[in-house]
Amino acid sequence: MTQTTYLGAITSTLAAAMRADERVLVLGEDVAEGGPWGATAGLVGEFGAGRVRNTPISEAAICGVAIGAAQSGLRPVVEIMFIDFLTLALDQLVNQAAKAHAMSGGQLTVPLVVRTQGGAGQRGGAQHSQSLEAWLVHVPGLKVVMPSTAADAGALLAASLADPGPVVYVENKSLYFRREDVDDAAPPVPLGRARTVRRGRDVTVVALSRLVEESLAAAEALAADGIDVEVIDPRTLVPLDLETIVESVRRTHRLVVAHEAVTQGGFGAEVAAQVQAAAFDELDAPVVRVGAPFAPVPFSPPLEDAYLPNRDDVAAAVRSLAGART
Amino acid sequence: MPDRVGELAAGDGLALLRMMWQIRVFEERVGELTRADEVHGLVHLSIGQEAVAAGVCGLLLDDDVAYSGHRAHGHAIAKGAPPGRVMAELMGREDGLCRGLGGSMHLVDVAHGFYGATGVVGGNVPLALGSALAGRLRGGVQVAVVFFGDGAVQGGIFVESVNLAALWGVPLILVCENNGFAEFTPRSAHTNVERVSDVVAPYGVERDTVDGNDAAAVREAFAAFLAAARAGGGPMLLECLTHRLRGHYEGDPDHYRALVAADEWQELDPIRRLERRGGADGWLDDAARAEIEEDARTAIDEAVAFARASPFPPAALVTGLVYAA
Chain A
1 MTQTTYLGAI TSTLAAAMRA DERVLVLGED VAEGGPWGAT AGLVGEFGAG
51 RVRNTPISEA AICGVAIGAA QSGLRPVVEI MFIDFLTLAL DQLVNQAAKA
101 HAMSGGQLTV PLVVRTQGGA GQRGGAQHSQ SLEAWLVHVP GLKVVMPSTA
151 ADAGALLAAS LADPGPVVYV ENKSLYFRRE DVDDAAPPVP LGRARTVRRG
201 RDVTVVALSR LVEESLAAAE ALAADGIDVE VIDPRTLVPL DLETIVESVR
251 RTHRLVVAHE AVTQGGFGAE VAAQVQAAAF DELDAPVVRV GAPFAPVPFS
301 PPLEDAYLPN RDDVAAAVRS LAGART
Chain B
327 MPDRVGELAA GDGLALLRMM WQIRVFEERV GELTRADEVH GLVHLSIGQE
377 AVAAGVCGLL LDDDVAYSGH RAHGHAIAKG APPGRVMAEL MGREDGLCRG
427 LGGSMHLVDV AHGFYGATGV VGGNVPLALG SALAGRLRGG VQVAVVFFGD
477 GAVQGGIFVE SVNLAALWGV PLILVCENNG FAEFTPRSAH TNVERVSDVV
527 APYGVERDTV DGNDAAAVRE AFAAFLAAAR AGGGPMLLEC LTHRLRGHYE
577 GDPDHYRALV AADEWQELDP IRRLERRGGA DGWLDDAARA EIEEDARTAI
627 DEAVAFARAS PFPPAALVTG LVYAA
């Protein structure tokens, strides 16, 4: 066991990948200085400025350069400092990276990892706090990863780096500095395998990123009232491990999907649709979604605190289902 | 634009002429087949601009990477893509370059270093920069070339890419086909900057503007940039002033171009010009000229036959290549 942070796991995984494969390089704003949170701290010292490349504030060009470099045999890791700025690079990501393999009849491959981070709670206001992962899930050709723990942050980044296609790896800024014990001997985690974080009999909660911990806290509180909650972290949104979720629903017959993004058009809608299509007869009640209100993230601290989905929202959703019977 | 009367060896002149004829006949057939509904979708022809594709790609090796925009048939063929496979792609057939998943605006032929066209104007400029960076980091002599029209220059991605390419000094050669029209409107309606080469001047990008309908001039100017890029230089921009003889896309009513004197441009047709030069320089007579045209017609007939014989791809292909294995 080693104690590390979510951020530390990212840094050490990047360093290990760069040591193992000289095709791996890191590009982004201030990455040679470590970036605003230190995710790339120290890399330039070991690998040099040729492989840890500072860029201007040009998100579209950074992504485009990385796509071209990937098509030409390198394995770039791009850092987009806030997911809010991914909007500037979406043409490159959606029209070029995601489609290159299919559109070329399989000739081109784009082994690219785009690291970015989302999430609110830091008084960043509406342009530095969003959760935009659902947009990416809508694009064939992209894989979308959202780790919720330090162990998964490292393991899923390693899996993303090994993937032959473009992967968007979405961190959550509020998770960066929590310390965790990580099993150094843990087996690798493939993309597309969910983790059952807590076993339970009564209600299944599928939670993303920061909401995994919130859901666990809700589960502990509900346990005192005799409600036994199962918590599943899909870890990757594309590809989605629907099987693990459906298997759980076959036992609990009730499903809550919880994420920090606004509920409308969010990933929860996709999970709900896929589960009901696969196991409608197993559901004793409609799927309940937990997410943010359909509004930009507010700045004022009490408003932002109220806006953010948390353990109480998950607990309320579970309680609304716990009594449901066919 | 004064004529540049650079050196042009007979062999090079004949090679340029053969390639230009091949592209010209190919695209004339594409126009016919579009109207016959055998070639599908949005088709953009480069008739009248062949000198740029031939002049540039004739100097590149398969290891060099070329990118293009939505008007890319000529670039793909000049870079080495077999015309039959290009035609099959335009017809949506299994033996197309991209197995029928790409189409006219998304031609790719990795085996010949054609990393692709894009339907997003300017979208491939940073990708070419990335390929140039990869070449430089690997320590080889590969260069990357990207073709784009003057319409791409007003987009933000162009300036972002030029800034970064200049900052990093990568072996990227930007080749602008300035045909004076961004889709349906003249350049003067989009920008106050007449010359694309002036746009990159503040970044310290080496640049040149040539008569893009003079294949020998394009070739000579590009050769100088290519040698410099192979020797560690870059980026550079070659602006080729040219003119497309067809509308923005096939079926374009083309009213907006009544302003242009068609007779004058026919006179400047790059193929006719190179043929006149060949005659004057003594490396082309009427018989040789006719043979080159006939060879091109035969080759494109064969390309069309190849494409027609190819089946449409199986339905399973739709989802079969979304993710690389």
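Listed in order, the protein sequences are those of chains A and B.
Just so we're aligned, residue 1 is where the first sequence starts under my numbering, counting upward by one.
Just so we're aligned, residue 327 is where the second sequence starts under my numbering, counting upward by one.
Ideal Cβ placement from N, Cα and C applies to all residues, glycine included.
Here the structure is a predicted model, which is why all the values come from computation and not from measurement.
- The Cβ of serine 394/B sits no closer than 7 Å to any Cβ of chain A.
- Around the beta carbon of arginine 19/A, fewer than 16 other beta carbons sit within 10 angstroms, so the residue counts as exposed.
- Excluding its 5 nearest sequence neighbours in each direction, alanine 272/A has C-beta neighbours in its own chain below 8 Å: Leu255, Val257, Val287, Arg289, listed in chain order.
- Counting other Cβ atoms within 10 Å of its Cβ, isoleucine 57/A stays below 16 and is therefore classed as exposed.
- Secondary structure of proline 512/B (DSSP, three-state): strand.
- Nearest to leucine 242/A by C-alpha distance, out of Gly268/A, Leu88/A, Glu260/A, Ala224/A, is Gly268/A.
- Straight-line measurement puts the Cα of valine 467/B at about 56 Å from the Cα of leucine 216/A.
- Beta-bridge partners assigned by DSSP to arginine 521/B: none are found.
- Beta-carbon to beta-carbon, serine 372/B and glutamate 353/B are separated by about 6 Å, close enough to satisfy the 8 Å threshold.
- Annotated three-state conformation of methionine 146/A is coil, per DSSP.
- Chain A places a beta carbon closer than 7 Å to that of cysteine 424/B, counting this residue as a contact.
- If you check the CB distance, glutamate 230/A and threonine 244/A do not come in under 7 Å.
- Ranked by Cα distance from histidine 259/A, the first of Gly226/A, Asn310/A, Leu283/A, Glu46/A is Asn310/A.
- Taken through DSSP and simplified to helix, strand or coil, phenylalanine 177/A comes out as coil.
- The contact set of valine 446/B on chain A, defined by CB atoms closer than 7 Å, consists of Asp91, Asn95 in chain order.
- Within the segment 217-298 of chain A, the runs of alpha helix (DSSP H) that reach at least 4 residues and sit entirely inside it are, in chain order, 242-252, 267-279.
- Valine 630/B places its beta carbon 7 Å or farther from that of valine 501/B.
- At a cut-off of 7 Å between C-beta atoms, tyrosine 529/B does not count as an interface residue with respect to chain A.
- As DSSP reads the structure, aspartate 30/A sits in no beta bridge.
- Interface annotation, isoleucine 80/A: not in contact with chain B, CB-CB separation never under 7 Å.
- Flagged as an interface residue toward chain B: glutamine 107/A, by a C-beta distance shorter than 7 Å.
- Within chain A, the C-beta atoms nearer than 9 Å to that of glutamate 486/B come from Pro56, Ser58, Glu59, Ala60, Ala61, Ile62, Gly64, in chain order.
- Closer than 7 Å to the CB of alanine 151/A there is not a single CB belonging to chain B.
- Residue pairing for glycine 118/A: DSSP places it in a beta bridge opposite Asn172/A.
- The CB of proline 452/B comes closer than 9 Å to the CB of Ser58, Ala60, Ala61, Ile62, Cys63, Gly64, Val65, Ala66, Ile67, Gly68, Gln92, Gln96 in chain A, given here in chain order.
- With the rule of 3 Cβ pairs closer than 8 Å, the segment 170-180 of chain A counts as touching the segment 207-215 of chain A.
- Inter-residue distance for threonine 149/A and aspartate 91/A is about 30 Å (C-alpha atoms, whole angstroms).
- Cβ neighbours of threonine 535/B within its own chain (closer than 7 Å, five residues either side excluded): Arg521, Ser523, Glu565, Leu567.
- For valine 391/B, the pairing in a beta bridge is given by DSSP as Ala470/B.
- As DSSP reads the structure, threonine 4/A sits in a beta bridge with Glu180/A.
- Boundaries cannot be given for glutamate 333/B, as no alpha helix (DSSP H) includes it and DSSP labels it neither H nor E.
- In the displayed model, alanine 207/A falls within a strand according to three-state DSSP.
- Under DSSP, glycine 442/B takes part in a beta bridge, and its partners are Tyr393/B.
- Taking the C-beta atoms as reference points, asparagine 504/B is found no nearer than 7 Å to proline 596/B.
- Residue contact check for leucine 136/A against chain B: no CB pair falls below 7 Å.
- Look at glutamate 593/B here: in three-state DSSP terms it is helix.
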